[in-house]
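Chemist: Just passing along the structure, written as structure tokens.
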Amino acid sequence: MDPTLQTFENDVWWIALIKVLGVFVLLLLLTLFTINYERKVVARMAVRPGPNQVGPKGWLQSLTDGLKLPFKEEIIPRTADKVIYFIAPVISATCAFTAFAVIPFGPVVSIFGQQTALQVTDVPVSVLVVLACSSLGIYGVVLAGWASGSTYPLLGGLRSSAQMISYEVAMGLSIVAVFMMSGSMSTSEIVAAQGDGREVSLFGLDFTAPGWYAVLLAPSFVIYAISAVGETNRAPFDLPEAESELVGGFHTEYSSFKFALFFLAEYINMITVSALCTTLFLGGWHATWPITLWSGANTGWWPMLWFLAKVLLCLFVFIWLRATLPRMRYDQFMRFGWKVLIPVNLVWILLLATVRVLQTSDLEAQTRFTLIGAAVLVVVLVAVLWPSGKKAAPAPSLAEQIAARPQGSFPLPPLDLQVPPSPRVARQVAERQPADVSSDRSEV
Amino acid sequence: MEDLKAPSIDYAAVAPILILFGAACLGVVVEAFVPRRARHAVQLTLALLATLAGLVVVITQASTRVTTAVGALAIDGPAVFLQGAILVLALVSLLLMGERKLEPGGAFVPQAAITVGSEADERQAARAPGLTEVYPISLFAIAGMLLFVAANDLLTMFIALEVFSLPLYLLCALARRRRLLSQEAALKYFLLGSYASAFFLFGVALVYGFVGAVDLASIHTAAAESDRDPLLLYAGLALLSIGLLFKTAAVPFHVWTPDVYQGAPTPVTAFMAACTKVAAFGALLRVLYVGFNGLSWDFTPILGVVAVLTMIIGAVLAVTQTDIKRLLAYSSIANAGYLLVGVLASGERGLASTMFYLVAYGFSVLAAFAVVTLVRDADGEAGHLSRWAGLGRRSPLIAGLFTFILLAFAGIPLTSGFISKFAVFAAAMEGGQTWLVIAGVISSIVLAFPYLRVVVMMWLSDPSDATPTVSVPGVLTTAALAIGVAMTLLLGVAPSLLLDLTTGAAEFVQ
Amino acid sequence: MSFSPYVPIVALFVLGALFALFSVSIAPIVGPKRYNRAKLDAYECGIEPTPQPVGGGRFPVKFYLTAMLFIVFDIETIFLYPWAVSFDALGLFGLVEMVLFIGTVFIAYAYVWRRGGLNWD
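Chains as they are written, first to last, in our numbering: chain C, 1392 to 1835; chain E, 4 to 513; chain U, 16 to 136.
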């Protein structure tokens, strides 16, 4: 049975408490599992065994790591702002936990004789709750970077805040299409709206195509997936923690359990965006076609299994990306977010809106054609006016570069200076690229 | 959800506002896509055409008397008249802004973000053409003013206030010369302006607390009929008035005026002195005459004190000024006082005379600032009064025109200044506000002194080496100056042309 | 007995906060303490740490610009949400209004783009 918003208002307090505790424990377990999962998958992809010592087949590795951390010395830098330094990991972890309150795990089931939905709670603005939590989580990162009183964390914190807010816009826009199709912001209703698929006949085989928004709203799904990776600071967008540039990024100065909290928050965020992705685009807890041949697939506790399977699949993609792709450069990354994701998203929303108006409302033929014409016109205009990258000016020759240098620049040695080859080295000097000596960049 | 309906909007009535906003957006597009060389010409043409188009539409709408957009906008006699006035004055100001002959590149800085005094700054000050964003920004400001005088509920009024204020703050910071002064002025204006906006918004909240609505008609009804303790309403009105009086530069909310007038680029100063005043008084008139006219017995004494203070302090402080732009700023404060006298005269006479005063003063002040842009030396405009000594010998024409303008400010007959002051004072007498008239006459006498001092200095002193030259104005400044002077003369000789118009327009719709 | 469906969200928030606070408070107590002056310096891979300017110092204006752009687009997004939820009820009117709104934001966007506000180099 599909839950409605009413279902959640009828929950008894102890049922709600059980669900809250259940989600909390589940999140901790999932985190421990995901860390091991990631390490093992990455190891397989790199053709090495991965953790295999602690516990059965190494599955307790992350638990022991976690238990070890509190017993490590905690170092607080002298320059740190103590209070904020202390509070930042708490903010990160708390926000990460809270977001999971509105994720639906399954339909209405019976717990100790009480009918209740497998979801902590649902409100008319559930998706906003998730977004709000992920935005507030950014404070943890920024404040951690700022309060450490150290250069690398500061830069890492700034970078990650700029990155997260940039990709939050793209993420926020990508789910507009979902709201448009489902007519609701409540997660359980969005899941319900994806429940009824269409009957499709292919090669003489009758099956139900999933009503998943990942299929119906493919562009939104792609944008969501990309921005989710950016939003969680995962590879290939893990610039805030680019260890080759910034050591550890915003948590360089954190140690002991405070560091563990950041680690925990990062993994929970990953699980959250995967769960949100499942809910918004992959049909939530609804089983998909071959399973639906069994009539009991969407009843009882089974849907939780489908849900977790989908979440793990999303997590697998995260890990896969990390194992495969190199880190992007920061300017490329920001350019991609602002110049590709956002405009594509806006145009897509308008196109979808136009199509939907054409489908649903009974318009006169003239209005209809005007609309179609306008939509086509807009697309063509955008395509034509799309600010193309400036054609790279031909690289100035060495003489031009020297002439362009401002007055009072450092003197240059003569360009035709011939260094006599050392008599003891009898090899030829390799030809090199002419050096770039223009010290002053032209202003835009 | 199903009964969601689009509000009916009388598009013809709001067309001037839409034209200006559309043109401003178009200006931003031009800024983005037109090559730098062509931008100035395109932008200036666009701005002038848009203003002209708006003006034409306003004229065709002259007899419109409606409220539209669910009562948020009132396009009535005063609104149409004041919109027309704003557009005409803005047109002249745009001519001043467009001038690029006097200073290579115009009066605006090429790149406002470059650090003042740096090498790059010196390079750009010398030759680079000025920002062309000023035209779309000005168009946004003008459109906001048009909305402001037509706003029939307090929230729309607040939005309009912000829409026309924010561009003005920006414009103030864009002077090519004395950039630090300009930026300081902009920051002061921004901070104080934000306070004033906050006061206004707080006032809206209090009034809403009393009335339960923000549209002026409901406020009028509630003020007349409600039997609750009107303290909330009085407090709300007081805060609203503070917000509006700040924009009109009335004492004690005037402190920003001299600094901003001095620091802002002179064309922008002219724009603010002429158009902002019209917009601010337009809104003040509407709030007091439509929303709160039932309380006029209560607010007249207090606003009367403000008016007297404004006139006296503006006049007295003008006497002590040594910079021409500061002098004009204090003169503008004093004039705000005279305008307040017109507002408090109440009734149709008061409304008509205030509107006449706004237009007459707007043209004179535009002409005055046009002259200020012309008197220059190597450092830009020669602001200090001592530098103007002997200007009459060097450039009799410009000095003559400026003398005429100053005489108009002083209220000498045969100028628009005389007629407008006379109209305002007569209306106030009729409205029983004799004490305001007495204070007004006294302050006029005081205020005549600084004007005459400048006149004496220009004509009766010998030119020294420090006397700046008068630059040959370009077509645009010439046109602006000519229009300003001609209108000052015309309204002085044949005031009935405009007086009939204002009298015909002097009725608000509820 | 029924209560607001927002209460469980608060409950989970409190639970998470308690857990986090508990763990950050317990760690300094159970962990070892071996004082070493060098440990308390800011970590910069072994070189002398850069002195921190008072108030955090200055950082590139790009970050401020990004923040401002974020606000513009975030507010746009916020306006889009209720519109999207009640889109079917609004119909053609809603579409036209939103085209105008997005168009206006797009103008600003094109301006920022052309002026190099979106470049990071």
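Note that CB positions come from ideal geometry on N, CA and C, so glycine has one too.
Between residue 34/E and chain U, is there a C-beta pair that is closer than 9 Å?
Modeler: It does: the Cβ of residue 34/E has a partner Cβ on chain U nearer than 9 Å.
Chemist: Based on Cα-Cα distance, which residue from 199/E, 182/E, 341/E, 375/E lies nearest to residue 115/E?
Modeler: Per the Cα distances, 182/E.
Chemist: Just curious, the beta strand (DSSP E) that residue 1497/C is in, first and last residue?
Modeler: Where residue 1497/C is concerned, the enclosing beta strand (DSSP E) stretches over 1497–1502.
Chemist: Tell me whether the beta-carbon of residue 379/E lies closer than 9 Å to the beta-carbon of residue 474/E.
Modeler: Yes; because the gap between Cβ atoms is below 9 Å, this pair is in contact.
Chemist: Judging by CA-CA distance, which residue of 288/E, 411/E, 477/E, 406/E is the nearest neighbour of residue 366/E?
Modeler: Among 288/E, 411/E, 477/E, 406/E, the Cα nearest to that of residue 366/E is on 411/E.
Chemist: Pick out whichever of 204/E, 202/E, 227/E, 203/E has its Cα sitting closest to the Cα of residue 214/E.
Modeler: Residue 214/E has its Cα closest to that of 227/E, out of 204/E, 202/E, 227/E, 203/E.
Chemist: Quick one: what's residue 241/E bridged to in DSSP?
Modeler: In the DSSP output, where bridge partners are listed per residue, residue 241/E has none listed.
Chemist: Considering only residues of the same chain and omitting the five flanking positions on each side of residue 107/E, which have a CB-CB separation below 7 Å?
Modeler: Here the set comprises 130.
Chemist: Could you check what DSSP says for residue 119/E in three-state terms: helix, strand or coil?
Modeler: Residue 119/E falls in the coil class under three-state DSSP.
Chemist: Return helix, strand or coil for residue 69/E, following the three-state DSSP convention.
Modeler: Strand.
Chemist: Looking at chain U, which residues of the stretch 1695–1722 of chain C have a Cβ within less than 8 Å of any of its Cβ atoms?
Modeler: If the cut-off is 8 Å between Cβ atoms, the stretch 1695–1722 of chain C has 1721, 1722 near chain U.
Chemist: Taking 9 Å as the CB-CB cut-off, is residue 119/U touching chain E?
Modeler: Yes - at least one Cβ of chain E is within 9 Å of the one on residue 119/U.
Chemist: With 9 Å as the threshold, decide whether the Cβ of residue 76/U is near any Cβ in chain C.
Modeler: No, its Cβ sits nowhere closer than 9 Å to a Cβ of chain C.
Chemist: Measuring only between beta-carbons, confirm whether residue 496/E sits less than 9 Å from chain U.
Modeler: No - not a single Cβ of chain U is within 9 Å of the one on residue 496/E.
Chemist: Could you check which residue in 219/E, 110/E, 352/E has the C-alpha nearest to that of residue 424/E?
Modeler: Nearest C-alpha to residue 424/E: 352/E.
Chemist: With the cut-off set at 9 Å, would you say residue 263/E and residue 192/E are in Cβ contact?
Modeler: Cβ distance < 9 Å, so residue 263/E and residue 192/E count as in contact.
Chemist: Looking at the structure shown, is residue 1750/C part of a helix, part of a strand, or coil, going by DSSP?
Modeler: Correct three-state label for residue 1750/C: helix.
Chemist: For a quick check, are the C-beta atoms of residue 279/E and residue 250/E less than 9 Å apart?
Modeler: In contact: residue 279/E and residue 250/E (Cβ atoms closer than 9 Å).
Chemist: By how many angstroms is the C-alpha of residue 1611/C removed from the C-alpha of residue 84/E?
Modeler: When rounded, the distance between both Cα atoms is 51 Å.
Chemist: Candidates 403/E, 74/E, 466/E, 452/E: which alpha carbon is nearest residue 485/E's?
Modeler: Residue 485/E has its Cα closest to that of 403/E, out of 403/E, 74/E, 466/E, 452/E.
Chemist: By a C-beta neighbour count over all protein chains shown, 10 Å radius and 16 as the cutoff for buried, is residue 28/E buried or exposed?
Modeler: Buried, since its Cβ has 16 or more Cβ neighbours within 10 Å.
Chemist: Is residue 11/U close to chain C, meaning its C-beta is less than 9 Å from at least one C-beta of that chain?
Modeler: The shown model of chain U, from 16 to 136, leaves out residue 11/U, and the question about it has no answer.
Chemist: Taking residue 122/U as the query, report the chain E residues whose CB atoms sit under 7 Å from its CB, ordered along the chain.
Modeler: The answer, in chain order, is 28, 31, 32.
Chemist: Output the boundary residues of the beta strand (DSSP E) element that contains residue 1507/C.
Modeler: Note, residue 1507/C: beta strand (DSSP E), 1505–1509.
Chemist: Skipping 5 residues on each side, what residues in its chain have a beta carbon closer than 7 Å to that of residue 176/E?
Modeler: Contacts found: 115, 185, 186, 189.
Chemist: What span of residues does the beta strand (DSSP E) with residue 378/E cover, start to end?
Modeler: Residue 378/E -> beta strand (DSSP E) spans 378–380.
Chemist: Alpha carbon to alpha carbon, what distance is there between residue 100/U and residue 94/U?
Modeler: Going from the Cα of residue 94/U to the Cα of residue 100/U covers about 11 Å.
Chemist: Should residue 1689/C go down as buried or exposed, given a rule of 16 or more other Cβ atoms within 10 Å for buried?
Modeler: Label assigned to residue 1689/C: buried.
Chemist: So residue 1484/C and residue 31/U are in contact, right, with Cβ under 8 Å, and what is the actual spacing, rounded?
Modeler: The pair is a contact, with the Cβ atoms about 6 Å apart (cut-off 8 Å).
Chemist: Expressed to the nearest angstrom, what Euclidean distance is found between the alpha-carbon atoms of residue 1695/C and residue 1496/C?
Modeler: About 5 Å.
Chemist: Would you call the stretch 118–125 of chain U and the stretch 29–36 of chain E in contact, with 3 or more CB pairs under 8 Å?
Modeler: These segments touch.
Chemist: So, helix, strand or coil for residue 43/E, using DSSP?
Modeler: Reduced to three states, the DSSP call for residue 43/E is helix.
Chemist: Determine whether the Cβ of residue 1512/C lies closer than 9 Å to any Cβ atom of chain U.
Modeler: Judged by the 9 Å Cβ criterion, residue 1512/C is in contact with chain U.
Chemist: Whether or not the stretch 1474–1491 of chain C and the stretch 1516–1525 of chain C are in contact is what I'm after, with contact meaning three or more pairs of Cβ atoms, one per stretch, closer than 8 Å; do they touch?
Modeler: Result yes; three or more Cβ-Cβ pairs closer than 8 Å.
Chemist: Between 73/E, 22/E, 146/E, 132/E, which lies nearest to residue 11/E when the distance is taken from Cα to Cα?
Modeler: Closest option to residue 11/E, Cα to Cα, is 73/E.
Chemist: Please classify residue 42/E: is it buried, with 16 or more other beta-carbons within 10 angstroms of its beta-carbon, or exposed?
Modeler: Label assigned to residue 42/E: buried.
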